[in-house]
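In full-length UniProt numbering, the protein residues as written are 1 to 151.
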């Protein structure tokens, strides 16, 4: 049975809660490459799901490998407009350890995209989403940070 995502739409506004994996090894961040940029692995929580469980589930769904949620690095309030819809997401960004080798592709349903390791010190030179990571991750001091974004 498909679980219900922790998302709701009211008029032209979508409210949601997301969990994102920050998979970092040897000074590099694992991302998914799409035609319009690079993305972190993650997605919407399911109703009654803990954020740590959600990030592990998303890694398994998108990368097909087991993982373990580590430290919570960022809690982000992200408000933006896209295609005429206003989004208000609460995002939990966890450091995640892969328990298996990282795959070369992301496979979700019928969608397949390449995975890339990007040097953390070079994140500012690429189109990374969410964009706050371009500066926040290289400067991260190991303490939980609360970030508010609005476009």
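Virtual Cβ for every residue (Gly too), placed ideally from N, Cα, C.
Under DSSP, the alpha helix (DSSP H) around residue i begins and ends at which residues?
i, result
"residue 76", "First-last for residue 76: 67-82, but that is the beta strand (DSSP E), not the alpha helix (DSSP H)."
"residue 3", "That residue, residue 3, is in no alpha helix (DSSP H); it is neither H nor E in DSSP."
So, is residue i buried or exposed, given that buried needs 16 or more other C-beta atoms within 10 angstroms?
i, result
"residue 130", "buried"
"residue 100", "exposed"
"residue 80", "exposed"
"residue 51", "buried"
Measure the alpha-carbon distance for residue i versus residue j and round it to whole angstroms.
i, j, result
"residue 64", "residue 106", "8 angstroms"
"residue 149", "residue 76", "7 angstroms"
"residue 112", "residue 48", "29 angstroms"
"residue 42", "residue 91", "10 angstroms"
"residue 95", "residue 34", "22 angstroms"
"residue 78", "residue 87", "8 angstroms"
"residue 93", "residue 117", "18 angstroms"
"residue 46", "residue 3", "6 angstroms"
"residue 115", "residue 102", "9 angstroms"
"residue 147", "residue 31", "21 angstroms"
"residue 1", "residue 104", "Any reading at residue 1 must be qualified, since the residue scores a pLDDT of 47, below 50, and its modelled position is unreliable; no value is offered."
"residue 44", "residue 135", "24 angstroms"
Taking C-alpha atoms, which residue in the options lies nearest to residue i?
i, options, result
"residue 15", "53, 40 and 85", "85"
"residue 141", "61, 46, 73 and 41", "73"
"residue 26", "125, 121 and 132", "121"
"residue 36", "126, 136, 18 and 146", "126"
"residue 62", "39, 123, 48 and 118", "39"
"residue 151", "46, 3, 82 and 60", "82"
"residue 29", "50, 143 and 128", "128"
"residue 68", "98, 24 and 108", "98"
"residue 119", "60, 19, 108 and 24", "24"
"residue 138", "124, 18 and 12", "124"
"residue 108", "8, 31 and 60", "60"
"residue 19", "32, 10, 66 and 54", "54"
"residue 143", "110, 66, 89 and 70", "70"
"residue 5", "11, 21 and 58", "58"
"residue 17", "89, 8 and 11", "89"
Since residue i is in the beta strand (DSSP E), which residue starts that stretch and which ends it?
i, result
"residue 63", "Segment 51-63 is the alpha helix (DSSP H) holding residue 63; no beta strand (DSSP E) there."
"residue 30", "28-34"
"residue 103", "Residue 103 -> no beta strand (DSSP E), and no H or E assigned at all."
Is any heavy atom in the ligand COA found nearer than 8 angstroms to the beta carbon of residue i?
i, result
"residue 15", "The model depicted lacks the ligand COA and carries no ligand whatsoever."
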